[in-house]
Amino acid sequence: PMAMGAPTPPEAARAEPILSERAAEATRGPLEALSRMVVKPDIAGSDTLEGLVRELLKPMLRDWLDANLPQVVESMVAKEISRITGRD
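Those letters in the sequence shown? Residues 1 to 88, per the working numbering, in order.
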């Protein structure tokens, strides 16, 4: 007795690609152009939206810290010294 399995397609149908070479060539260029248009930033660690935002914010955060951190630290240290010494 023969085993019942899935019917096999004729050899010619199996070897025949679904897309002709002409159609493949005609669509290759536009698809490559589309893939180049997809924005992939050249920023390290920006494979995700979170990483991209983090990398884009770094320069702004650095500027803010440069401008404000010394005064913030000085003020907090002065308040803590006043609290410890009882000069509130």
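Cβ coordinates follow ideal geometry from the N, Cα and C atoms, glycine included. Small disclaimer: the values here were computed from a predicted structure and weren't measured.
**Asked** In terms of residues, what are the limits of the alpha helix (DSSP H) holding Glu-74?
**Response** As a working note, residue 74 is residue 74 in the sequence shown. Segment 49-85, the alpha helix (DSSP H) holding Glu-74.
**Asked** Just reading off the alpha helix (DSSP H) that Ser-35 is part of, what are its end residues?
**Response** Here residue 35 refers to the residue found at position 35 of the sequence shown. Bounds of the alpha helix (DSSP H) holding Ser-35 are 21-37.
**Asked** Between Val-73 and Thr-48, what straight-line distance do the alpha-carbon atoms span, to the nearest angstrom?
**Response** Position 73 of the sequence shown, counted from the start, is the residue given in the question as residue 73. Position 48 of the sequence shown, counted from the start, is the residue given in the question as residue 48. Whole-angstrom Cα-Cα distance: 33 Å.
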